[in-house]
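In our numbering, the protein residues as written are 3 to 273. Comments concern the structure below.
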């Protein structure tokens, strides 16, 4: 889906700036448009990206981190109109102008030179020359093919929180892949189930009210925990009709076979 596109662009260095560097759109400045674009993009099930750099000296470009591909990508949002454009469609339609899988260049010092007075001659006249000094260069992201570099500001506590969130996203993605493979769920539904199951585990049964338990169960399997317990009780007394009905309900809710639904019920709730 994401192919690295080498271009014949001239080599440029793109250094972060304080204000937004782009056209924006309507009432949105470039920086506001960048945030809006990423927010709308993440509404699509295929995306859960982080806005890493909203402004560079390369006009209209932003840098995002995609946890699904574990890559930093630079996108051009100059033609994005949030009033009429779907962000995911815009992303794919403009992939030819993007730069994917950027290399990370760690922060480091570089030596630069300042033309200044370096001394005085015997007659008291200034002697001019070049004086070296060190400049700190923050973490940057470079396209190895076009030799274009995008800069990121120094990490903040908020950035570190994003890293933790990205790890959680990666874990959910792996869980979704397992659910899809093991129980025949569609990719879309497997992601929904993975997220709901993760919330279930975090909350734990002990910390949830009966109503909350029923709500989670209904979202996952199409029936409440209360109904599930009643069906299990009947089954133990020799009446399996309610259990069979719940299996059909779970199959319908998740778009899978009754056999897969039965396995899912056992996996998630032990029914």
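Virtual Cβ for every residue (Gly too), placed ideally from N, Cα, C.
Going by alpha carbons, who is nearest to residue 100 out of 64, 130 and 250?
Answer by Cα proximity: 64.
Taking three-plus beta-carbon pairs below 8 Å as touching, is the stretch 90-105 in contact with the stretch 128-137?
Verdict: no, contact absent.
Below 8 Å, how does it come out for the stretch 132-151 and the stretch 94-111: are there three or more Cβ pairs, yes or no?
These segments touch.
Do the CB positions of residue 32 and residue 66 come within less than 9 Å of each other?
Not closer than 9 Å, so no.
Could you tell me which residues DSSP puts in a beta bridge with residue 55?
Answer is 65, bridged to residue 55.
Can you have a look at residue 98 and say buried or exposed, based on whether 16 or more other CB atoms are within 10 angstroms of its CB?
So residue 98 ends up on the exposed side.
To the nearest angstrom, how far is the alpha carbon of residue 117 from that of residue 133?
Cα to Cα, residue 117 sits roughly 6 Å from residue 133.
Write down every uninterrupted run of the alpha helix (DSSP H) in the stretch 246-272 whose length is 4 residues or greater and which is fully enclosed by it, in chain order.
Taking only runs of at least 4 residues, the alpha helix (DSSP H) segments lying wholly in the stretch 246-272 are 260-271.
Could you tell me how far apart the beta carbons of residue 216 and residue 228 are, in whole angstroms, since I believe they sit closer than 8 Å?
Contact flag correct, Cβ pair sits at about 6 Å.
Could you give the DSSP three-state label for residue 31: helix, strand or coil?
If DSSP states are grouped into helix, strand and coil, residue 31 belongs with coil.
Looking at the structure shown, is residue 107 part of a helix, part of a strand, or coil, going by DSSP?
Strand.
Would you kindly check if the distance between the Cβ of residue 221 and the Cβ of residue 198 is under 9 Å?
In contact: residue 198 and residue 221 (Cβ atoms closer than 9 Å).
For the beta strand (DSSP E) that contains residue 73, what are its first and last residues?
Where residue 73 is concerned, the enclosing beta strand (DSSP E) stretches over 73-78.
Go through its chain and collect everything with a Cβ distance to residue 177's Cβ below 6 Å, but skip five positions before and after it.
Hits under 6 Å: 196.
Can you grab the Cα-Cα spacing for the pair residue 83 / residue 260, in whole Å?
C-alpha separation (whole angstroms): 45 Å.
Got a sec? Which residues, its chain only, sit under 6 Å from residue 251 by beta carbon, not counting five neighbours each side?
Cβ within range, chain order: 224 and 225.
Would you kindly work out how many angstroms separate the C-alpha atoms of residue 256 and residue 265, rounded to a whole number?
Their backbone Cα atoms lie some 12 Å apart in a straight line.
Is the beta carbon of residue 173 less than 9 Å from the beta carbon of residue 193?
No, Cβ-Cβ distance for residue 173 and residue 193 is not below 9 Å.
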